[in-house]
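In what follows, a single structure is set out as structure tokens and then discussed.
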Amino acid sequence: MPQAKLCFDRFHLIKLANAAVDAVRRSEVKTEPDLRGTRWATLKDARDWTVPQINDMHWLQRSRLKTARAWRLKEALRDIVEQAARVPEQAQTMVTGWISWARRSRLEPFKRLGATLKTHLAGIVQSFTLGLSNGTAESINAQVAAAIVRARGFRT
3 MPQAKLCFDR
13 FHLIKLANAA
23 VDAVRRSEVK
33 TEPDLRGTRW
43 ATLKDARDWT
53 VPQINDMHWL
63 QRSRLKTARA
73 WRLKEALRDI
83 VEQAARVPEQ
93 AQTMVTGWIS
103 WARRSRLEPF
113 KRLGATLKTH
123 LAGIVQSFTL
133 GLSNGTAESI
143 NAQVAAAIVR
153 ARGFRT
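For the sequence shown, this note's numbering assigns the number 3 to the initial residue and increments by one for each residue that follows.
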């Protein structure tokens, strides 16, 4: 369809940012053993942290580690996604600003993520402008996959 507009789901933006944070953490945990056990806290939403995760993240935020910078970048993108959903007119400005920050971060996974988002900027902004999500399609695919798994071994 020539008039179709590409949109990139917010979920996938956060998923890419989580992958970048995890890549930074994995490279740094080799030299910083205190980072062991912080993986899930860095990937989760702060509202869902357990008490030990809260303590780990307070320590991480006070540190000067690359993982702390990576986590701040990810959380900034999460905030931008939430704000852009409410004020879609500013989505391009906010995402472009984040891309600039990510590309200057000296964190290779975030530089790559910034380049990826810049490549797909029009589709990202389009998803906020149109308010679209592919959550429904993902849900249908999950239900079909579950039905296929349940049907294994069924003989006609």
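Just so you know, even glycine gets a beta-carbon here, dropped at the ideal spot from N, CA and C.
Just so we're clear, the structure is a prediction, and the values are computed from it rather than from any experiment.
In whole angstroms, what is the alpha-carbon distance linking THR118 and ILE16?
13 Å
| query | Does the beta-carbon of LYS68 have 16 or more other beta-carbons within 10 angstroms, so that it is buried, or is it exposed? | reply | buried
message = Let me confirm a value: ILE101 is counted as buried when at least 16 other C-beta atoms fall within 10 Å, else exposed. Which label applies?
response = buried
Grouping DSSP H, G and I as helix and E and B as strand, with all else coil, what is ARG108? coil
> Do ALA43 and ARG111 come within 9 Å of each other at the CB atom, strictly closer than that value?
Replying inline: Note on identity: in this sequence residue 111 is Pro, with Arg being the wrong assignment. The answer is no: Cβ separation not under 9 Å.
Return helix, strand or coil for GLY172, following the three-state DSSP convention. Any question about residue 172 goes unanswered here, given that the chain covers just 3 to 158.
*Stretch pair the region 78-96 + the region 115-132: three plus CB contacts closer than 8 Å*: yes
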